[in-house]
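Peer 1: Residue numbers (the numbering used here): 327 to 840.
Idealized CB from N, CA, C, for every residue including glycine.
Note that the structure is a prediction, hence the values are computed from the model and not measured.
Given below as C-alpha cells:
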C-alpha cells in the first residue's frame with residue numbers, strides 16, 4: 327500500500343535484414359555511419375502497456391485477482407499521478423490467461439472528503455449465495471488525532487462490475503491492535519467448519535500481526551486469537567493463502583525489504599515455516615496475490631516505475647501489472663515461470679543481427695560461444711522496439727564467474743545495466759556500471775535474487791520485454807522483474823567476464839499480433 331511506501335533487455339540497436347519502411351519503424355536497421363555514442367532516450371511513458379498491463383496515463387497497484395468461469399477478474403488500486411485527495415479507487419481488468427487484457431474501468435470509487443474511504447486500500451473478493459462481497463481498506467488519511475486512520479469496509483455486487491457500498495458495515499481495530507495500521511483484509515472459507523475467515527494486517531504488542539476474525543454470514547465477525555505474528559517486520563501486507571498439492575502456502579509482501587515472500591504449512595492452521603529460499607521475485611515486484619483456474623495458478627503483482635522515469639531515481643509506488651505462473655515442485659518449493667499463454671503468444675521470429683563482437687566470440691549456427699579465458703568477451707546485438715521475448719540455453723564451464731546481458735550499451739559503454747549471473751555468489755543480479763570499459767567503474771547492485779546454478783549444466787533463460795519492463799525467467803523456476811528505462815532505445819550485448827560460456831538455441835521472438 328502507498329501510505330508507508332514512499333518511494334531492462336534491451337534498447338536494441340537494430341540491424342534487421344533488409345526491410346521496407348513499415349517494418350523499418352519496428353526493427354530498426356543501423357546504418358554503419360550512424361552515431362551510436364549518443365544515448366537514445368525512451369519517451370516519457372504516457373501510453374498503455376499490453377502485456378504488462380497498465381491503462382492509459384495511470385498505473386497499477388496491489389492486484390486482487392478473483393477467478394470464475396474462465397476469467398481472472400483482477401481488481402487493482404488505480405494510481406493516478408498526480409494523486410488527488412481521493413486516491414486508489416478499485417478498478418477492474420479481466421484476462422483469460424495473462425496474454426491479453428480487457429480494461430473495465432472503475433469498480434469501487436473513493437468516498438467523499440469526510441468519509442472513511444476517502445482513500446481506498448487493498449482487500450479481497452469472495453462469493454456467497456450468488457452475491458460477491460468485496461472487503462477493502464478505508465484509509466482516512468485526514469482523520470482526527472483521536473479517530474482511526476484505517477478500517478475494513480465492504481461492498482457487494484451481482485456481476486463483479488457494479489458495486490454497492492454497505493454503509494452499515496465498518497470494522498475498526500479491536501483494543502490492543504493498531505487502529506492506524508489495520509488494512510488489507512483477506513477472506514478465505516474454512517471448508518471443514520463452513521466458517522469464513524478474515525485476516526487483517528495490523529500490529530499487536532510491537533509485532534506485525536494478522537488479526538483473525540470468523541463469521542458465518544460475512545456480516546457479523548468475531549475476533550479470535552491472532553493468526554500469525556512476526557517481530558522482524560513492521561507490516562505483513564497483501565496476504566494470500568491457498569492449498570496446492572496437499573500443502574498450504576502463505577504469500578505476503580514484506581514492507582521492510584519490499585519483496586514477496588512465502589511460508590508453508592501442512593494445514594491452514596498449522597505451524598507456518600519459512601523455506602530455505604522464500605522469495606518469489608526480487609525488489610522490483612510487490613503486492614502479489616494469486617488465483618487459480620483449477621489447472622494453472624497465476625501470481626499477479628506490480629513492477630514499480632521510477633520517479634520522473636529516470637533509472638537513477640527511487641521507485642514510485644505502483645507501476646505495471648506483471649503475472650507469473652506459480653507451481654510447486656516435488657519438494658513443495660514454489661517456482662515461478664512465464665504464464666503458458668504468454669509464452670506461446672511470442673512465437674514469430676524477429677529480425678536481428680550482430681553489430682560487433684570481440685575476437686574471442688564465435689557466432690555459431692544457433693547462437694554464440696564466448697571464450698573469455700584471457701579477457702572479457704562480448705557480442706553487440708541489434709535492437710527491437712516492439713515487445714519481444716529472448717530465449718536461450720546457456721552452459722558455462724568451471725572458470726566462468728559472471729556472464730549475461732548488458733543493456734544501454736552505446737558505443738562509449740557508459741551508464742550500462744548488466745543483467746547477469748554471479749556464479750560465485752549464486753545470484754541473478756541487475757547492476758549499474760558507470761563505465762563498462764574502465765577499471766575504475768562503479769558497480770552498484772540494484773536488484774538480486776538467489777539462484778541455483780552449476781557449471782556444465784544447461785540453463786534455460788527467457789526474457790520478456792515491453793517498454794521499460796524486463797522479466798527474466800530462469801529454468802522455469804525463478805522470476806526476476808526489473809524496470810530499465812535505458813533498455814528500450816539503446817544497444818544490448820551478451821557478455822562473459824571469464825571462462826567459456828555458450829548461448830545456444832538463441833532466439834528473439836515477437837507476437838503475431840504486433
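Should residue 771 and residue 752 be called a contact, given that it needs their Cβ atoms to be closer than 8 Å?
Peer 2: In the chain shown, residue 771 corresponds to position 445, counting from 1. In the chain shown, residue 752 corresponds to position 426, counting from 1. No; because the gap between Cβ atoms is not below 8 Å, this pair is not in contact.
Peer 1: Does the stretch 601-621 come into contact with the stretch 814-821, if we say contact requires no fewer than three beta-carbon pairs (one atom in each stretch) closer than 8 Å?
Peer 2: Contact fails: fewer than three Cβ-Cβ distances are below 8 Å.
Peer 1: Does residue 357 come out as helix, strand or coil in the three-state DSSP assignment?
Peer 2: The residue labelled residue 357 in the question sits at position 31 within the chain shown. Confidence at residue 357 is low in this model, with a pLDDT of 38, below 50, so the placement of that residue should be treated as unreliable; the coordinate-derived value is given next. Residue state, collapsed to three classes: coil.
Peer 1: Going by the DSSP bridge assignment, what does residue 697 pair with across the sheet?
Peer 2: Residue mapping note: residue 697 aligns to position 371 of the chain shown, counting from 1. 826, per the DSSP bridge assignment.
Peer 1: Have a look at the DSSP bridge pairing and note the partners of residue 726.
Peer 2: Along the chain shown, read from residue 1 onward, the residue named residue 726 stands at position 400. Answer by DSSP bridge pairing: none, since residue 726 is not bridged.
Peer 1: Taking the alpha-carbon positions, what's the residue 599 to residue 712 distance?
Peer 2: The residue you call residue 599 lines up with position 273 of the chain shown. The residue you call residue 712 lines up with position 386 of the chain shown. Roughly 43 Å between the two C-alpha positions.
Peer 1: Apply the 10 Å Cβ neighbour rule to residue 647 and answer buried if 16 or more other Cβ atoms are within range, or exposed otherwise.
Peer 2: Position 321 of the chain shown, counted from the start, is the residue given in the question as residue 647. Classification for residue 647: buried.
Peer 1: Which complete beta strand (DSSP E) runs does the stretch 436-486 hold, if anything under 3 residues is left out?
Peer 2: Qualifying beta strand (DSSP E) stretches, in chain order: 445-454, 457-465, 476-483.
Peer 1: Grab the span of the alpha helix (DSSP H) containing residue 850 for me, first residue to last.
Peer 2: The structure shown has nothing for residue 850, since the chain only spans 327 to 840.
Peer 1: Contact between the stretch 384-402 and the stretch 622-642 is defined here as three or more beta-carbon pairs at a separation below 8 Å; is this criterion met?
Peer 2: Segments in contact, yes.
Peer 1: Can you pull the DSSP bridge partners for residue 660?
Peer 2: The residue given as residue 660 occupies position 334 in the chain shown. DSSP output for residue 660 lists 654 as bridge partner(s).
Peer 1: With a CB to CB cut of under 8 Å and the five nearest residues on each side skipped, what residues in its chain are close to residue 557?
Peer 2: As a working note, residue 557 is residue 231 in the chain shown. Once the five neighbours on either side are set aside, the close Cβ partners of residue 557 are 532, 533, 534.
Peer 1: Can you tell which of 480, 568, 492, 660 has its C-alpha closest to the C-alpha of residue 517?
Peer 2: Translated into the one-based positions of the chain shown, residue 517 becomes position 191. The shortest C-alpha separation from residue 517 is found at 568.
Peer 1: Do the stretch 707-723 and the stretch 775-794 meet, that is, are 3 or more Cβ pairs less than 8 Å apart?
Peer 2: Yes: at least three Cβ pairs fall under 8 Å.
Peer 1: So, with DSSP's three-state summary, where would you put residue 496?
Peer 2: Counted from its first residue, the chain shown places residue 496 at position 170. If DSSP states are grouped into helix, strand and coil, residue 496 belongs with coil.
Peer 1: Would DSSP call residue 388 helix, strand or coil?
Peer 2: Looking up residue 388 in the chain shown gives position 62. Correct three-state label for residue 388: strand.
Peer 1: In this structure, does DSSP put residue 268 in helix, strand or coil?
Peer 2: Because the chain in this structure spans residues 327 to 840, residue 268 falls outside the shown range and cannot be described.
Peer 1: Given this structure, state the Cα-to-Cα distance separating residue 741 from residue 411, to the nearest angstrom.
Peer 2: As a working mapping, residue 741 is identified with position 415 in the chain shown. As a working mapping, residue 411 is identified with position 85 in the chain shown. One C-alpha to the other measures close to 38 Å.
Peer 1: Using only the alpha-carbon positions, how far apart do residue 395 and residue 688 sit?
Peer 2: Sequence index remark: in the chain shown, residue 395 carries index 69 (1-based). Sequence index remark: in the chain shown, residue 688 carries index 362 (1-based). In a straight line, the C-alpha of residue 395 is about 51 Å away from that of residue 688.
Peer 1: In terms of alpha-carbon separation, which member of 506, 665, 727, 614 lies closest to residue 703?
Peer 2: Against the chain shown, residue 703 aligns to sequence position 377. Nearest C-alpha to residue 703: 727.
Peer 1: When you compare only the Cα positions, how much space is there between residue 829 and residue 769?
Peer 2: Indexing the chain shown from 1 puts residue 829 at position 503. Indexing the chain shown from 1 puts residue 769 at position 443. Spanning the two alpha carbons is a distance of roughly 24 Å.
Peer 1: Quick test of your reading: residue 446 and residue 495, contact by CB under 8 Å. State the CB separation rounded to the nearest angstrom.
Peer 2: The residue given as residue 446 occupies position 120 in the chain shown. The residue given as residue 495 occupies position 169 in the chain shown. Rounded, the Cβ-Cβ distance is 15 Å, inconsistent with contact.
Peer 1: What three-state label does DSSP hand residue 585 in the structure shown?
Peer 2: Within the chain shown, numbered from 1, the residue matching residue 585 stands at position 259. Three-state DSSP puts residue 585 in a strand.
Peer 1: Please report the distance separating the alpha-carbon of residue 801 from that of residue 493.
Peer 2: Working through the chain shown from its first residue, we reach residue 801 at position 475. Working through the chain shown from its first residue, we reach residue 493 at position 167. Residue 801 and residue 493: Cα-Cα distance of roughly 49 Å.
Peer 1: Decide if the stretch 496-515 is in contact with the stretch 470-486; the criterion is three or more beta carbon pairs, one per stretch, under 8 Å apart.
Peer 2: At 8 Å Cβ cutoff, the stretches touch.
Peer 1: Return the CA-CA distance between residue 831 and residue 792, expressed in angstroms with no decimal places.
Peer 2: Along the chain shown, read from residue 1 onward, the residue named residue 831 stands at position 505. Along the chain shown, read from residue 1 onward, the residue named residue 792 stands at position 466. Their Cα atoms are separated by approximately 22 Å.
Peer 1: Please look up how many angstroms separate the CB atoms of residue 585 and residue 609, rounded, as I've assumed it's under 8 Å.
Peer 2: Position 259 of the chain shown, counting from 1, holds the residue named residue 585. Position 283 of the chain shown, counting from 1, holds the residue named residue 609. With 8 Å as the limit, residue 585 and residue 609 qualify as a contact, their Cβ atoms being about 6 Å apart.
Peer 1: In the DSSP assignment, find the beta strand (DSSP E) that holds residue 524 and state where it starts and stops.
Peer 2: Against the chain shown, residue 524 aligns to sequence position 198. Element bounds for residue 524: 522-530.
Peer 1: Quick one: Cα of residue 399 to Cα of residue 491, how far?
Peer 2: Here residue 399 refers to the residue found at position 73 when the chain shown is read from its first residue. Here residue 491 refers to the residue found at position 165 when the chain shown is read from its first residue. Each residue's alpha carbon lies about 19 Å from the other.
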